[in-house]
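Line by line, the protein sequences are chains X and A. Its first residue numbered 30, the first sequence is counted upward by one per residue in our numbering. Its first residue numbered 30, the second sequence is counted upward by one per residue in our numbering. Written below as structure tokens is the structure these notes are about.
2 protein chains.
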Amino acid sequence: MADPTEDELREDAGDGYELDERLVPQVRLAVATENRARLDELLEPLHAADIADLLEQIDSGPRRALLAMASDIVDGEVLSELSDSPREEIIEFLPDSVVNEAVRDLDSDDVVDILEDLTEPQQEAILDALDDADRAAVEQSLAYPEESAGRLMQREVVAGPEHWTVGEAIDYLRGTEGLPEHFYHMILVDPRMRPIGYVTLGRILGARREVLLRDITEDTFRTIPADQDEGEVAYAFNQYHLISAPVIDETERLVGVITIDDAMIVLDEEHEEDILRLAGVPEGSLTDRVLATTKRRFPWLAVNLLTAILASLVIAQFEDAIATIVALAVLMPIVASMGGNAGTQSLTVAVRSIATKDLTGSNVWRVIRRECLVGLLNGVIFAVVMALVGVIWFGSPALGGVIAVAMVVNMVVAGLAGTMIPVLLDRLGVDPALASGAFVTTVTDIVGFFAFLGLAAAVLL
Amino acid sequence: MADPTEDELREDAGDGYELDERLVPQVRLAVATENRARLDELLEPLHAADIADLLEQIDSGPRRALLAMASDIVDGEVLSELSDSPREEIIEFLPDSVVNEAVRDLDSDDVVDILEDLTEPQQEAILDALDDADRAAVEQSLAYPEESAGRLMQREVVAGPEHWTVGEAIDYLRGTEGLPEHFYHMILVDPRMRPIGYVTLGRILGARREVLLRDITEDTFRTIPADQDEGEVAYAFNQYHLISAPVIDETERLVGVITIDDAMIVLDEEHEEDILRLAGVPEGSLTDRVLATTKRRFPWLAVNLLTAILASLVIAQFEDAIATIVALAVLMPIVASMGGNAGTQSLTVAVRSIATKDLTGSNVWRVIRRECLVGLLNGVIFAVVMALVGVIWFGSPALGGVIAVAMVVNMVVAGLAGTMIPVLLDRLGVDPALASGAFVTTVTDIVGFFAFLGLAAAVLL
Numbered sequence: 030m031a032d033p034t035e036d037e038l039r040e041d042a043g044d045g046y047e048l049d050e051r052l053v054p055q056v057r058l059a060v061a062t063e064n065r066a067r068l069d070e071l072l073e074p075l076h077a078a079d080i081a082d083l084l085e086q087i088d089s090g091p092r093r094a095l096l097a098m099a100s101d102i103v104d105g106e107v108l109s110e111l112s113d114s115p116r117e118e119i120i121e122f123l124p125d126s127v128v129n130e131a132v133r134d135l136d137s138d139d140v141v142d143i144l145e146d147l148t149e150p151q152q153e154a155i156l157d158a159l160d161d162a163d164r165a166a167v168e169q170s171l172a173y174p175e176e177s178a179g180r181l182m183q184r185e186v187v188a189g190p191e192h193w194t195v196g197e198a199i200d201y202l203r204g205t206e207g208l209p210e211h212f213y214h215m216i217l218v219d220p221r222m223r224p225i226g227y228v229t230l231g232r233i234l235g236a237r238r239e240v241l242l243r244d245i246t247e248d249t250f251r252t253i254p255a256d257q258d259e260g261e262v263a264y265a266f267n268q269y270h271l272i273s274a275p276v277i278d279e280t281e282r283l284v285g286v287i288t289i290d291d292a293m294i295v296l297d298e299e300h301e302e303d304i305l306r307l308a309g310v311p312e313g314s315l316t317d318r319v320l321a322t323t324k325r326r327f328p329w330l331a332v333n334l335l336t337a338i339l340a341s342l343v344i345a346q347f348e349d350a351i352a353t354i355v356a357l358a359v360l361m362p363i364v365a366s367m368g369g370n371a372g373t374q375s376l377t378v379a380v381r382s383i384a385t386k387d388l389t390g391s392n393v394w395r396v397i398r399r400e401c402l403v404g405l406l407n408g409v410i411f412a413v414v415m416a417l418v419g420v421i422w423f424g425s426p427a428l429g430g431v432i433a434v435a436m437v438v439n440m441v442v443a444g445l446a447g448t449m450i451p452v453l454l455d456r457l458g459v460d461p462a463l464a465s466g467a468f469v470t471t472v473t474d475i476v477g478f479f480a481f482l483g484l485a486a487a488v489l490l
Numbered sequence: 030m031a032d033p034t035e036d037e038l039r040e041d042a043g044d045g046y047e048l049d050e051r052l053v054p055q056v057r058l059a060v061a062t063e064n065r066a067r068l069d070e071l072l073e074p075l076h077a078a079d080i081a082d083l084l085e086q087i088d089s090g091p092r093r094a095l096l097a098m099a100s101d102i103v104d105g106e107v108l109s110e111l112s113d114s115p116r117e118e119i120i121e122f123l124p125d126s127v128v129n130e131a132v133r134d135l136d137s138d139d140v141v142d143i144l145e146d147l148t149e150p151q152q153e154a155i156l157d158a159l160d161d162a163d164r165a166a167v168e169q170s171l172a173y174p175e176e177s178a179g180r181l182m183q184r185e186v187v188a189g190p191e192h193w194t195v196g197e198a199i200d201y202l203r204g205t206e207g208l209p210e211h212f213y214h215m216i217l218v219d220p221r222m223r224p225i226g227y228v229t230l231g232r233i234l235g236a237r238r239e240v241l242l243r244d245i246t247e248d249t250f251r252t253i254p255a256d257q258d259e260g261e262v263a264y265a266f267n268q269y270h271l272i273s274a275p276v277i278d279e280t281e282r283l284v285g286v287i288t289i290d291d292a293m294i295v296l297d298e299e300h301e302e303d304i305l306r307l308a309g310v311p312e313g314s315l316t317d318r319v320l321a322t323t324k325r326r327f328p329w330l331a332v333n334l335l336t337a338i339l340a341s342l343v344i345a346q347f348e349d350a351i352a353t354i355v356a357l358a359v360l361m362p363i364v365a366s367m368g369g370n371a372g373t374q375s376l377t378v379a380v381r382s383i384a385t386k387d388l389t390g391s392n393v394w395r396v397i398r399r400e401c402l403v404g405l406l407n408g409v410i411f412a413v414v415m416a417l418v419g420v421i422w423f424g425s426p427a428l429g430g431v432i433a434v435a436m437v438v439n440m441v442v443a444g445l446a447g448t449m450i451p452v453l454l455d456r457l458g459v460d461p462a463l464a465s466g467a468f469v470t471t472v473t474d475i476v477g478f479f480a481f482l483g484l485a486a487a488v489l490l
């Protein structure tokens with residue numbers, strides 16, 4: 030097979046942005062044949078984020094071979110883009126000089142992001158490599174709690190006194206070395222460095238030199254306390270369409286700025302956390318190893334085993350009924366399963382609505398009523414279907430009636446539990462995404478088995 | 030109870046950004062007493078996004094009363110922020126003049142977003158109210174497919190010829206009326222209006238007037254085809270940390286620009302879709318009515334009923350075994366449930382990794398191997414636990430052995446199916462978030478019941 034050229038690789042990528050799948054074997058081949066020129070040709074067109082993805086997608090062995098051959102492909106940006114687990118391994122493997130060089134290029138927020146997950150000696154080595162000023166900025170950020178605005182912000186800010194004109198701002202910017210890589214506003218501060226408003230760069234560019242900055246500030250202006258949770262920060266950016274926002278300390282002085290691209294990453298991470306937690310996967314990523322993954326998934330499965338045993342205890346109460354009518358054992362999982370699915374639908378909507386702050390004290394009763402009604406309506410439809418199945422399969426209208434009633438009961442309970450449990454957990458300060466699933470399916474299993482078998486024992490025996 | 034003052038309302042809101050829950054009853058009271066001054070006092074400090082949330086959280090009746098009393102609280106921004114279903118109702122209710130006035134303020138992308146979900150006559154009425162130029166821009170955007178970059182972009186662009194200097198760019202911006210509300214780059218175009226690079230406003234402001242724009246363009250520059258799916262657009266913004274990106278038509282000419290705040294909204298919506306689809310909730314929001322919600326949730330429950338009946342048919346094959354050893358009926362849901370949960374863990378990780386393009390052809394076998402090993406390890410642990418439960422509860426080591434083996438088998442199958450099914454669905458062009466759950470739990474139910482009951486029938490009878 031002839032090697033595809035760069036253009037072919039690019040062209041075949043089509044509409045999507047993912048890495049071309051053929052790139053990985055090509056890179057492996059270049060590494061195996063120690064063909065540095067070919068490797069550079071393959072990697073040269075890639076964005077740092079794509080190089081990071083590539084490093085994550087190849088196994089540990091070839092990855093080390095690649096890095097041994099071409100450690101210079103890892104610059105600061107690539108390091109920032111890596112997930113925690115491969116990043117730690119790569120930093121461990123690379124010569125200190127390469128890591129230190131890479132980190133020196135980065136804005137303070139990216140250095141903080143890298144340092145957070147490293148071991149103490151690794152942290153020290155990197156901090157030692159920074160300029161004194163950068164080191165102080167990074168250490169100050171690290172002094173804020175994990176997952177706070179203080180960790181997320183960059184210390185490099187573009188600010189000016191409130192009395193400046195557009196002309197003065199432009200002259201200042203032209204005369205300043207080392208402006209941040211990206212900035213979107215000039216923040217106006219009072220003499221005590223407290224932010225009092227901001228002006229978009231577009232407005233500065235569109236105004237005459239003599240215009241006062243304070244006359245062209247944005248209408249909405251929000252500051253973010255440095256100790257605020259990063260999830261709240263991401264919510265504020267999304268809700269109010271912020272592009273950047275000044276971060277203040279407890280004395281209301283400007284200490285940094287958060288930009289929307291960082292907020293977007295947090296939003297993405299919070300979603301990932303929610304999706305995975307709803308499925309009982311507390312954290313971790315595709316690049317984690319078998320043992321770490323097994324340990325992470327174990328607690329949820331253990332909780333589920335307990336709830337499954339609880340449900341079995343309910344079934345055990347009706348052993349006589351089952352021994353007499355084996356059809357009960359055949360049909361009972363259907364009632365539990367339908368309740369579980371309806372409950373999961375309700376709880377997912379509730380968890381998501383709590384996260385977006387759409388489900389509040391003002392409308393919780395309306396939502397609970399709606400979910401129960403939805404459960405009732407769908408329950409009645411499926412009750413009719415199952416009654417027919419009962420009659421056709423087992424020739425027993427009484428059995429059909431029993432399963433129909435149990436189905437309606439369980440699906441209404443599913444709507445009720447699916448909404449109330451996440452709301453209650455949230456009020457108690459427990460993340461509803463993490464714990465709702467186990468509680469809701471326990472309720473629907475127990476109610477499902479109890480309603481069906483109990484009714485059967487009462488009516489059919 | 031004395032009315033809380035504005036400051037109290039604000040202060041008590043604490044760290045979060047959600048609406049103060051007490052605001053809703055206060056607003057209702059102001060409406061009921063037709064106290065317009067109080068209403069303005071309550072709403073005045075709110076951002077448009079919060080006013081939209083408020084309108085969504087109150088019931089239809091009070092909402093109409095509020096709008097009848099103060100229709101002017103609904104401006105263009107508030108309309109943009111509303112969800113589809115209340116927006117349609119509010120537009121229907123408000124006088125045309127208010128709606129038209131509101132829409133005239135908006136950038137073209139926001140008008141498109143509002144129009145998309147309206148009925149034909151409502152669309153016509155709003156289009157008629159626009160200037161000819163705005164109307165043409167909006168109609169051109171609407172000509173692109175739904176959920177494409179063309180729908181998402183704003184037509185208002187800031188572009189200049191490639192030979193311009195910083196000074197020429199500043200003079201142009203100062204001399205131009207009606208610059209877009211927000212813009213972050215000046216796009217450089219060739220004489221045929223094809224974008225060839227862009228310069229951040231920060232760089233323009235930091236450079237001397239005689240510097241050529243082409244000498245200070247960004248290193249990475251990406252154009253977005255107008256017919257590209259908006260999900261891919263959001264992915265590109267997140268992956269490459271874009272702030273804005275030019276959109277081109279099929280002749281590669283500049284037709285609009287997408288900014289990161291719109292991409293962030295799409296990312297948020299795509300996540301919402303994934304979370305809900307994984308739980309079998311195809312779309313819709315908290316503000317939908319009972320009937321609409323019931324209809325939406327029905328298909329997934331119907332699919333689940335079919336799979337539950339399939340599982341029951343497996344159980345029915347072993348009626349004799351169950352009639353002889355009723356303990357089988359008591360224990361069988363545990364095996365199925367553990368498999369279902371382990372499978373859901375694997376499939377959620379797989380679905381999420383496919384969405385973030387981390388799971389690809391290069392590492393799919395590695396991931397499958399890992400998931401099966403994780404299933405095996407956790408399976409062995411829970412097998413030991415269940416063997417003990419079997420012995421202690423039912424006094425039968427043979428029954429303990431049977432459930433242990435069935436547990437291991439089902440959890441390995443869960444890891445395998447939980448990864449392979451989403452990957453296969455994705456290759457077939459079916460959204461793995463939507464369909465994986467039903468398939469995976471069908472597999473784990475059937476394998477769980479079959480392994481446990483089949484083995485029991487072979488060993489214990």
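Ideal Cβ placement from N, Cα and C applies to all residues, glycine included. Here the structure is a predicted model, which means the values were calculated and not measured.
Straight-line measurement puts the Cα of V414(X) at about 53 Å from the Cα of E175(X). The DSSP assignment places 77 to 86, 89 to 98, 105 to 110, 113 to 122, 125 to 133 and 137 to 145 as complete runs of the alpha helix (DSSP H) inside the stretch 73 to 145 of chain X, in order along the chain (cut-off: 4 residues). Just so you know, the alpha carbons of L315(X) and Q152(X) end up roughly 25 Å apart.
M182(X) carries a coil assignment under DSSP once its states are collapsed to helix, strand and coil. Apart from sequence neighbours up to five positions away, the residues of its chain that approach D258(X) with a beta-carbon distance below 7 Å are E176 and S177, ordered along the chain. M215(X): member of the beta strand (DSSP E) spanning H214 to V218, first to last residue. Chain-ordered, the chain A residues with CB closer than 7 Å to the CB of Y213(X) read Y213.
R93(A) is outside the set of residues whose beta carbon lies under 8 Å from a beta carbon in chain X.
L156(A) places its beta carbon less than 8 Å from that of V167(A). A straight line joining the alpha-carbon of D146(A) with that of G179(A) spans about 16 Å.
Unbroken beta strand (DSSP E) runs of no fewer than 3 residues, entirely contained in the stretch 231 to 284 of chain A, are found at 273 to 277, following chain order.
Non-local beta-carbon contacts of L123(A) in its own chain, meaning distances under 8 Å to residues more than five positions away in sequence, involve L96, S100 and V103 in chain order. Listed in chain order, the positions of the stretch 212 to 239 of chain X with a beta carbon within less than 8 Å of a beta carbon of chain A are F212, Y213, T229, L230, G231, I233, L234, G235, A236 and R237.
Taking each of I216(X), F266(X) and R223(X) in turn and checking the Cα distance to L242(X), the smallest one comes out for I216(X). In the three-state reduction of the DSSP assignment, A308(X) falls in the coil class, being assigned neither a helical nor a strand state. Under the three-state reduction of DSSP, G189(A) is assigned to strand.
Contact note: V310(A) reaches chain X through Q374, T377 and V378, using a C-beta cutoff of 7 Å and chain order. Its Cα nearest to that of T246(A), the residue G231(A) stands out among P254(A), G231(A), G260(A) and I253(A). DSSP places P174(X) in the coil class of the three-state scheme, outside both helix and strand. Per the Cβ contact rule, the stretch 430 to 437 of chain A is in contact with the stretch 481 to 489 of chain A (3 or more Cβ pairs under 8 Å). For a Cβ distance threshold of 7 Å, residue set L234 and G235 of chain A lies close to L202(X), ordered along the chain. Apart from sequence neighbours up to five positions away, the residues of its chain that approach V403(X) with a beta-carbon distance below 7 Å are G444, ordered along the chain. Note on H192(A): under 16 other CB atoms within 10 angstroms of its CB, so exposed under the neighbour-count rule.
A contact is defined here as three or more CB-CB pairs under 8 Å, and the stretch 208 to 226 of chain X fails this definition with respect to the stretch 186 to 206 of chain A.
Boundaries of the alpha helix (DSSP H) harbouring T323(X): V319 to A345, taken from the DSSP string.
Within the same chain, A467 come within 6 Å of V332(A) by CB-CB distance, once the 5 residues on both sides are set aside. The three-state secondary structure of V195(A), taken from DSSP, is helix. DSSP places G466(A) in the helix class (H, G or I) of the three-state scheme. Going by beta carbons, T353(X) and L490(X) fall inside the 8 Å limit. In this structure, L388(X) lies near V396(X), with their beta-carbon atoms less than 8 Å apart. In this structure, L307(A) sits away from A61(A), with a CB-CB distance that is not shorter than 8 Å. Between S341(X) and L360(A), the alpha-carbon positions lie close to 6 Å from each other. In the structure shown, the three-state DSSP call for P451(X) is helix. In this structure, DSSP gives P54(A) a helical state, which the three-state scheme calls helix.
Per DSSP, P150(A) has no beta bridge partner at all.
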